Amino acid sequence: ECCVCTGSFPQHHFSSITSMCDHEPTVCDDCISQSVNTQVIDVAWDKIKCPECPATLRHPDVKSWASEELFEKYDKQSTVSVLPANFMAYLSPDCSSGQIHDGGDEQPIMTCVACGFKACYLHKRPWHPGQTCAKYDVEHQEIMKQEAKSETYIIEKLCAQTCPSCGVRIQKSSGCDHMTCHRCNFEFCFACLASYKKINREGNSAHSQSCRHH
5 ECCVCTGSFP QHHFSSITSM CDHEPTVCDD CISQSVNTQV IDVAWDKIKC
55 PECPATLRHP DVKSWASEEL FEKYDKQSTV SVLPANFMAY LSPDCSSGQI
105 HDGGDEQPIM TCVACGFKAC YLHKRPWHPG QTCAKYDVEH QEIMKQEAKS
155 ETYIIEKLCA QTCPSCGVRI QKSSGCDHMT CHRCNFEFCF ACLASYKKIN
205 REGNSAHSQS CRHH
């Protein structure tokens, strides 16, 4: 019986997970594969362990148990980990090649010898034609500021309303649409601005017809 899924299987469905394991296997092959695949996704490539003991799986072990797609991910991670810091890889969406860049930050343009794709070594992204790295930094920071302002504006539009009674801006901090103005104590619906005095008197029909509370 598998100690993970509790399924009953013939003995040949219980394999030794690694050559370093010295225990009797009690996890079925399907559960081993599931465990290894999950670890490839969730943990560092060199921290994948046997689900029954502290033994770390080596390259051949992971290849035996992981799916083809996830083993490819593991293989890339393990390969990149032993490459020098000035190695760049996979910046072009159409090329899986990589290479060492000896120019460093002083010569930031790196041209792929396999496909000719130009990348910026400093920013680890496709090359920014017509811009030095310094100019790119300035413009990129400005773009990020504008995006932050836009995001703040959207949040304010979605989470703030004007009190129908006194005109002060009120920000909603919880999920309830029943708002009370902090200046004049006017109670209203955040979604349609209907007065809660009228809502309490007439019921939900007092909400605007387009309001979700109508």
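Convert by adding 4 to the 1-based position in the sequence shown; the result is the number in this note's numbering.
Just so it is clear, CB atoms sit at the ideal spot from N, CA and C, and this is done for glycine as well.
In this text the structure is predicted, and so the values were computed from the model without any measurement.
Looking at the DSSP output, S199 sits in a beta bridge with F192. No residue range can be given for C119, since it is assigned to no alpha helix (DSSP H) and is classified by DSSP as neither H nor E.
With a cutoff of 8 Å on beta-carbon distance, C185 and C215 are scored as not near each other. When DSSP states are grouped into helix, strand and coil, F91 belongs to the strand group.
Rounded to whole angstroms, the separation of the alpha carbons of D50 and N41 is 13 Å. Out of C25, D33 and C9, the CA that lies nearest to the CA of Q15 is found in D33. Taking all protein chains in view, the Cβ of V47 is surrounded by fewer than 16 other Cβ atoms within 10 Å, so the residue is classified as exposed. In the three-state scheme derived from DSSP, where H, G and I count as helix and E and B as strand, G108 is classed as helix. Residues of the same chain with a CB within less than 8 Å of the CB of N208, apart from the 5 flanking positions on each side, are H217 and H218 in chain order.
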